[in-house]
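In what follows, a single structure is set out as structure tokens and then discussed.
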Ligand code: 1HE
């Protein structure tokens, strides 16, 4: 169903809700979902204003491609100062994707390039279809990543692979991208959204505090020195365990009401 409220008023992002799952679709297919100033602002607005019932978000692209990256038609209008502000707006928007309220699943097909790959890298899970291809053509365009790519993409594929993609313009097909670590799931053509919905339903059944810990504590701990990370882990795990949801789930398992691992 369409999502009521603010999300229904964003013309470049089509929002649909299915219970706790909110699906946001980039809706500029005639421009291959290139992200202009308006679209980046709408991504920001959408993730700040996810409806209260949302427990998971899915991001996909309308048409033949996920996203062609930065809208290059707006690039030449900016001076250096405006360029910094522009990049910071992307950072603010994608910060809400990665460190917002709910886990985000990206469905990737066709071009996942430049800023499109930066958006995909901000999501928590990536489901790719065989048509997906990945590139960072910033080098060819005379620019640099500005949407958080230099911080997020090396954490998926390593600095070395990103260096290759940026220096040589190398395009990774869906299989190469999958092997490199860009997607978690590589599914059949046309099956991306269905698969993402299945995953979303699983993610939505977790205790919200567990999902919060995975989204907010895990990447921060990974960036810490081990001793600091272990200390934060102890705090986070005690907070999660102290929650009623955890106590109930553990009781359910001990009293044989909860599924065993590996049993649907
Ligand atoms: C665009 C853009 C765009 C398409 N900005 N208008 N990104 C790139 O360098 C990728 C550039 N795009 C492409 O290489 C191709 O368009 C695709 C491989 C993505 C798709 O090809 P195709 O044949 O399906 O479409 P097309 O015919 O190339 O494009 C259709 C229309 O979309 C056309 O406009 P039209 O008015 O002539 O119909 C294209 O101009 C337009 N279009 N991509 C503007 N990117 C925060 S920093 C991030 C830095 C970056 O992202 S740099 C990478 C930019």
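Numbering (full-length UniProt numbering), first residue to last: 4 to 267. All C-beta atoms, glycine included, are put in the ideal place defined by N, C-alpha and C.
Determine which residues share a DSSP beta bridge with residue i and list them.
{"i": "residue 176", "result": "136"}
{"i": "residue 17", "result": "28"}
{"i": "residue 109", "result": "62, 129"}
{"i": "residue 5", "result": "19"}
{"i": "residue 189", "result": "131"}
{"i": "residue 87", "result": "DSSP lists no partner for residue 87."}
Looking at the secondary structure, which residues open and close the alpha helix (DSSP H) in which residue i lies?
{"i": "residue 115", "result": "From DSSP, residue 115 is part of no alpha helix (DSSP H) but of the beta strand (DSSP E) over 114-116."}
{"i": "residue 215", "result": "211-215"}
{"i": "residue 204", "result": "195-208"}
{"i": "residue 225", "result": "221-225"}
Using DSSP with H/G/I as helix, E/B as strand and the rest coil, what is residue i?
{"i": "residue 73", "result": "strand"}
{"i": "residue 242", "result": "helix"}
{"i": "residue 38", "result": "strand"}
{"i": "residue 147", "result": "coil"}
{"i": "residue 257", "result": "helix"}
{"i": "residue 56", "result": "coil"}
{"i": "residue 152", "result": "helix"}
{"i": "residue 50", "result": "helix"}
{"i": "residue 102", "result": "coil"}
{"i": "residue 263", "result": "coil"}
{"i": "residue 228", "result": "coil"}
{"i": "residue 119", "result": "helix"}
{"i": "residue 80", "result": "helix"}
{"i": "residue 67", "result": "coil"}
{"i": "residue 184", "result": "coil"}
Of all the CB atoms in chain B, is at least one closer than 8 Å to the CB of residue i?
{"i": "residue 31", "result": "Looking for chain B here will not work: only one protein chain is present."}
_Stretch-stretch touch, CB-based, cutoff 8 Å, three pairs: the stretch 44-63 with the stretch 203-221_ = yes
_Three-pair Cβ contact test at 8 Å for the stretch 104-124 versus the stretch 132-139_ = yes
*With contact counted as at least three CB pairs below 8 Å, one residue from each stretch, are the stretch 191-200 and the stretch 227-234 in contact?*
no
*Is it a yes or a no for the stretch 71-90 touching the stretch 22-29, going by three-plus beta-carbon pairs under 8 Å?*
no
*Does the pairing of the stretch 214-221 with the stretch 30-42 give three or more beta-carbon distances under 8 Å?*
no
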